[in-house]
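Sequential numbering from 352 applies to the sequence shown in this note's numbering. Single-structure report; data block below.
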Amino acid sequence: MKKISCIALVSIFVFVAQAQDFNTYFKNQSLRINYIHSGTKDVDNIEIAFFQKNNVWAGSMTHLIDPNDYGCHKIEVYDSASNLLLYSRTYSCLFGEYRTTEVGKTKSKDFKETVLCPFPKKTVRIEFYTRKQQLAFEKKKSIFVNPEIIVIAPNNYSFQTIDLAIGGDIHRAYDLVIVPEGYSIEDSAKLIKDMKMCKDAILGCSPFKEHASQINIRTILSYSEESGISQEEKGKYVNTILESGFYSLDLERYLMVDHVWKLHDVCSNVPYDNILIMCNTKKYGGGGIYNWYATVSDNKHINYVCVHELGHSIAGLADEYYSSEVTVQDFYPKGTEPKEPNITSLIDFKSKWQDMLEVGTPIPTPITDENKDKLGVYEGAGYCAKGLYRPYISCTMKDIVYDRFCPVCKKAISEMLELYSK
Ligand SMILES: [Zn+2]
Numbered sequence: 352m353k354k355i356s357c358i359a360l361v362s363i364f365v366f367v368a369q370a371q372d373f374n375t376y377f378k379n380q381s382l383r384i385n386y387i388h389s390g391t392k393d394v395d396n397i398e399i400a401f402f403q404k405n406n407v408w409a410g411s412m413t414h415l416i417d418p419n420d421y422g423c424h425k426i427e428v429y430d431s432a433s434n435l436l437l438y439s440r441t442y443s444c445l446f447g448e449y450r451t452t453e454v455g456k457t458k459s460k461d462f463k464e465t466v467l468c469p470f471p472k473k474t475v476r477i478e479f480y481t482r483k484q485q486l487a488f489e490k491k492k493s494i495f496v497n498p499e500i501i502v503i504a505p506n507n508y509s510f511q512t513i514d515l516a517i518g519g520d521i522h523r524a525y526d527l528v529i530v531p532e533g534y535s536i537e538d539s540a541k542l543i544k545d546m547k548m549c550k551d552a553i554l555g556c557s558p559f560k561e562h563a564s565q566i567n568i569r570t571i572l573s574y575s576e577e578s579g580i581s582q583e584e585k586g587k588y589v590n591t592i593l594e595s596g597f598y599s600l601d602l603e604r605y606l607m608v609d610h611v612w613k614l615h616d617v618c619s620n621v622p623y624d625n626i627l628i629m630c631n632t633k634k635y636g637g638g639g640i641y642n643w644y645a646t647v648s649d650n651k652h653i654n655y656v657c658v659h660e661l662g663h664s665i666a667g668l669a670d671e672y673y674s675s676e677v678t679v680q681d682f683y684p685k686g687t688e689p690k691e692p693n694i695t696s697l698i699d700f701k702s703k704w705q706d707m708l709e710v711g712t713p714i715p716t717p718i719t720d721e722n723k724d725k726l727g728v729y730e731g732a733g734y735c736a737k738g739l740y741r742p743y744i745s746c747t748m749k750d751i752v753y754d755r756f757c758p759v760c761k762k763a764i765s766e767m768l769e770l771y772s773k
């Protein structure tokens, strides 16, 4: 047995690309893989549609393998000739949420999705993985991409980029692009003001502010035909560049973009690791999906919504609240440990914040005034009043309160920002 595990360890070591390999296998550009993701609770189809290219790769050139086990999906990129694992990234998507809804049990729906990887110099094999209900990833699709012969569709947009805050080199920093949505050309002054408001909300909040030298924030001057956002009132249509709207997954406040191909096309001229969409509406709403995108609107809670939704999209954090209009079913099935770092079912608490707890902390921890700033294990989290636990009585991932991430959420965000800057 011992011999077998030694061989296994050696194999993993041999087949994972080393930090110095970036220039051997990749150009400093991004390959955008556009596909249609469709299906139901039990069916998950990925059909490749077309490829595009961004002129820069914003991610790390030395840490290409994702060390996290977050999200519902993953891509892996292998050198075709040697089978060396060159790149991986975990993520979630709107389709993954759709299939947990009542209608998604049986009715298939198409989502236009995009993933990025560094642009290969040689033929690569790209594998797509999915997991259901917090279980292990399963391989769903495998494609070969030969950079000599693939057809690259042109980018339709090339918007002017504006630097809002530059902390470091793009390969050693977290690059966030804030994309304006629903701003017509008449809104140009408001667009700049709103983008700066988002930037200030992010950099004024702990732990982002302590990592300002590892964060770059840019925006683009992308205007919409009309001002406003679709479905502000049910049935109202506004002609906007990203075709966003409220009532995603039939939730009034869930403000999302179905057409992710277009979103990435709009961003194609700017280096980015993550996307935040700033929507020109006073209506309260937003959304954030891990390594996918986040949205925010221009309402009185904008500072809070900005950092709450980024918590989802940068660090894969879960909602710590448990009374809401969320319609997802079995999001965290009984008997499983959620993948998100800031909630636990106690099935594998060791992998969560157990080592951060003060010795003698009762589990569950009573919700009392004395415990209001104490790390504990408080029952009620992840849309469930029972059986799921959160680290703090009140955190920015639970309540509408700005700049109050609990120590567990702060640690998760900080670790992710460190990862981007390695
Ligand atoms: Zn928290």
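Virtual Cβ for every residue (Gly too), placed ideally from N, Cα, C. Quick caveat: nothing in here was measured; it's all calculated off a predicted structure.
Practice prompt. Report all residues for which the CB-ligand distance to some heavy atom of ligand 1 is below 5 Å; order them along the chain.
Written response: ASN693, CYS746, MET748, CYS757 and CYS760
Practice prompt. Ignore the nearest five residues each way along the sequence and tell me which others in LEU726's own chain have a CB closer than 8 Å to its CB.
Written response: TRP704, MET707, LEU708, GLU709, THR712, PRO742, TYR743, CYS757, PRO758 and VAL759
Fill in: Of the listed residues ILE714, CYS746, TYR734 and ALA732, nearest to ASP724 (C-alpha basis)
CYS746
Worksheet item: Just curious, the beta strand (DSSP E) that PHE377 is in, first and last residue?
Response: Where PHE377 is concerned, the enclosing beta strand (DSSP E) stretches over 377-390.
Worksheet entry | 6 Å Cβ shell around GLN484 - same chain, five flanking residues per side excluded | PRO684
Discussion item. Quick check on the DSSP output: the alpha helix (DSSP H) that includes CYS657 runs from which residue to which?
Written reply: Unbroken alpha helix (DSSP H) run through CYS657: 653-666.
Discussion item. Taking the straight line between their C-alpha atoms, what separation do you get for ILE454 and GLU448?
Written reply: The question names Ile, but residue 454 in the sequence shown is Val. Their Cα atoms are separated by approximately 11 Å.
Fill in: Buried or exposed (CB count within 10 angstroms, at least 16 for buried), VAL361
Bear in mind that a pLDDT of 41 at VAL361, under 50, signals an unreliable position, so the model cannot answer this.
Worksheet item: Where does MET607 sit, in a helix, a strand or coil, going by DSSP?
Response: strand
Discussion item. Suppose you measure from the CA of ASP514 to the CA of ILE568; what does that come to, to the nearest Å?
Written reply: 6 Å
Item to complete: Can you give me the Cβ contacts of ASP624 inside the same chain, cut-off strictly under 8 Å, excluding the 5 residues immediately before and after it?
Response: ALA409, GLY410, TYR525, ASP526, LEU527 and TYR771
Practice prompt. Can you give me the Cβ contacts of LYS492 inside the same chain, cut-off strictly under 6 Å, excluding the 5 residues immediately before and after it?
Written response: Taken in chain order, the residues that qualify are ILE397 and PHE479.
Item to complete: Measuring only between beta-carbons, confirm whether VAL530 sits less than 7 Å from chain C.
Response: This model lacks chain C altogether; it includes just one protein chain.
Item to complete: Please say whether SER535 and TYR574 have beta carbons closer to each other than 7 Å?
Response: yes
Fill in: Whether ASP545 touches ASP649 by CB criterion (7 Å)
Going by C-beta atoms, ASP545 is nearer than 7 Å to ASP649.
Practice prompt. Could you please give the first and the last residue of the uninterrupted beta strand (DSSP E) stretch that includes PRO742?
Written response: Run containing PRO742: none; DSSP gives neither H nor E here.
Worksheet entry | Minimum C-alpha distance to ASP395 - residue among THR375, GLN380 and LYS460 | LYS460
Item to complete: Could you name the residues that DSSP lists as bridge partners for THR695?
Response: TYR740
Item to complete: Please state if the CB of TYR442 and the CB of TRP643 are separated by a distance shorter than 7 Å.
Response: yes
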